[in-house]
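Asker: Numbering (the numbering used here), first residue to last: 2 to 471. Ideal placement from N, C-alpha and C gives every residue a C-beta, glycine not left out. Nothing here was measured: the structure is a model prediction, and the numbers come from that model. Pasting in a structure now, in structure tokens, and then I'll have a few things to ask.
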């Protein structure tokens with residue numbers, strides 16, 4: 002059974018219960034009122050009825066005599082002696098037709114202590130719906146007789162039947178109108194849920210870009226739709242991130258395999274050359290030297306891959322206070338020693354302390370300087386500055402090289418990416434240096450950027466949080 006049907010049945014059940022309760026209360030209240038009115042008529046009818054039954058004798062009853070003309074049609078009167086023998090009986094028909102009489106119990110009930118009369122209901126001799134009469138029994142002490150007066154309840158039953166019919170018809174009409182209105186309202190208010198179900202089916206089929214139609218945000222359904230859209234957005238983002246990560250991993254593995262294949266192929270080739278050139282000392286020396294070079298190159302590449310893997314695990318490096326000015330000065334001196342022909346200038350170095358791993362920060366500066374030395378002409382100048390401002394340490398490594406195209410600049414921090422494959426091969430680079438720089442700086446809570454244009458050189462800028470006194 003659908004939610005819409007269950008809601009409709011629940012509403013109708015509640016309303017029906019309310020209508021039944023209200024109708025029952027109305028019916029019982031009117032029935033009690035009508036019986037009280039009949040009881041009052043019985044009290045009024047006992048004096049004229051007793052006078053008729055006793056041939057006008059004084060019956061010793063209190064109250065006035067309204068006269069038999071005011072008695073309800075079908076009023077029945079009976080006079081019994083103390084033994085229960087019927088002495089006289091009369092039925093006020095006003096039509097001359099025989100009227101049914103009440104079926105009286107034998108013996109008649111007697112009033113209790115402190116009571117003057119007994120009122121009860123009795124069946125009719127004509128059968129039909131029970132009870133047929135309302136009966137009053139009152140002793141007449143002055144005559145040593147018992148007076149019985151009964152008024153038919155046909156009019157009362159007719160009134161109650163009419164009321165019951167009206168209540169049933171009106172209740173059914175109300176339920177029908179309410180059912181139609183409730184069905185329309187429930188259908189309208191649940192339409193967003195149906196749309197959500199359709200959207201969920203489409204999403205389960207693989208289309209994560211779908212969203213549910215927005216509903217009134219102040220309603221429960223509207224808030225559910227907003228929450229569902231937010232959840233779907235996060236799921237889509239998570240799947241997209243997973244896809245990007247998997248693609249990066251596949252590309253990384255492919256690039257790593259390709260890069261490692263080259264030195265392995267060289268080592269295998271020189272090993273075969275070593276086997277063939279056992280009698281040629283020059284070839285043996287060349288083969289051994291190239292095997293050692295390619296082995297060192299492969300070892301360096303593996304070390305860089307391990308560094309990237311450790312940084313990619315998301316573990317925070319061990320952070321201690323580091324004098325970044327000292328690190329920069331050491332790296333510049335190392336670069337000058339490795340490339341004495343290059344013009345490497347230390348233009349400005351402020352006293353800057355940061356929180357981080359000394360070895361990793363040393364590798365960041367060394368990689369930036371090595372990149373500038375390898376990928377710029379020999380006559381270009383390399384400038385290094387270190388300054389502190391705005392709570393950040395800013396390290397810049399600028400060169401006067403050829404610069405980079407925007408498409409190339411956007412990818413320089415990707416692992417294994419090289420703008421010039423042939424030149425990278427000659428210099429021995431695997432395209433991991435700048436990727437290590439970006440990953441290391443990010444792990445230290447900083448950022449690295451590149452400002453370059455064709456023919457305008459390149460400036461790499463690293464920003465790191467300064468060490469505070471807290």
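1) What would DSSP say about residue 350, mapped onto helix, strand or coil?
2) What number of angstroms, rounded off, separates the C-alpha of residue 14 from the C-alpha of residue 179?
3) Between the region 238-253 and the region 213-223, do at least 3 Cβ pairs fall closer than 8 Å?
4) Is the number of C-beta pairs between the region 36-51 and the region 191-203 that are closer than 8 Å three or more?
5) May I ask you to report which of helix, strand or coil DSSP gives residue 59?
6) Is residue 77 helix, strand or coil when you go by DSSP?
7) Would you tell me roughly how many angstroms separate the C-alpha atoms of residue 271 and residue 383, rounded to the nearest one?
8) Which residue from 409, 268, 9, 417 puts its Cα closest to that of residue 453?
9) How would you label residue 469, buried or exposed, when you count the other beta carbons within 10 angstroms and need 16 or more for buried?
10) Which of the three DSSP states, helix, strand or coil, is assigned to residue 139?
11) Under 8 Å between the Cβ atoms of residue 210 and residue 242?
12) With respect to the beta strand (DSSP E) encompassing residue 213, which residues constitute its N-terminal and C-terminal limits?
13) How big is the Cα-Cα spacing for residue 26 and residue 136?
14) When DSSP labels each residue in this structure, what does residue 458 get in the three-state scheme?
15) Tell me which residue opens and which closes the beta strand (DSSP E) that residue 400 is part of.
16) Does residue 87 pass the burial test, meaning 16 or more other C-beta atoms within 10 Å, or should it be called exposed?
17) Could you tell me whether the Cβ atoms of residue 438 and residue 365 are closer together than 8 Å?
18) When you compare only the Cα positions, how much space is there between residue 105 and residue 16?
19) Considering only residues of the same chain and omitting the five flanking positions on each side of residue 132, which have a CB-CB separation below 7 Å?
20) Going by beta carbon distance, what residues of the same chain come within less than 6 Å of residue 12, once the five residues before and after it are set aside?
21) Go ahead and label residue 139 buried or exposed: buried means 16 or more other beta carbons lie within 10 angstroms of its beta carbon, across all protein chains shown.
22) Taking residue 107 and residue 85 to be in contact with their CB atoms under 8 Å, please state how far apart those CB atoms are, rounded to whole angstroms.
23) So the candidates are 233, 32, 450; which of them puts its Cα closest to the Cα of residue 399?
24) Round the Cβ separation of residue 363 and residue 385 to the nearest angstrom and send it over; I've been treating them as touching at under 8 Å.
25) From residue 337 to residue 367, what does the alpha carbon distance come to, in whole angstroms?
26) Below 8 Å CB to CB, which residues in the same chain sit around residue 7 once its five sequence neighbours on both sides are set aside?
27) Inspect the beta-carbon positions of residue 406 and residue 436 and report whether they are closer than 8 Å.
28) The beta strand (DSSP E) that contains residue 453, what's its start and end?
Answerer: From the atom records:
1) strand
2) 11 Å
3) no
4) no
5) At residue 59, the pLDDT of 49 sits below 50, so the modelled position is not reliable and the matter cannot be decided from this model.
6) In the three-state DSSP reduction, residue 77 falls in the strand class (E or B).
7) 37 Å
8) 409
9) exposed
10) strand
11) no
12) That residue, residue 213, is in no beta strand (DSSP E); it is neither H nor E in DSSP.
13) 25 Å
14) coil
15) 393-400
16) exposed
17) Between residue 438 and residue 365, the C-beta gap is smaller than 8 Å, which places the two residues in contact.
18) 43 Å
19) 122, 123, 124, 154
20) 183
21) buried
22) 7 Å
23) 450
24) The Cβ separation is near 14 Å, so there is no contact.
25) 11 Å
26) Closer than 8 Å at Cβ, skipping near neighbours: no residue.
27) The answer is no: Cβ separation not under 8 Å.
28) 448-453
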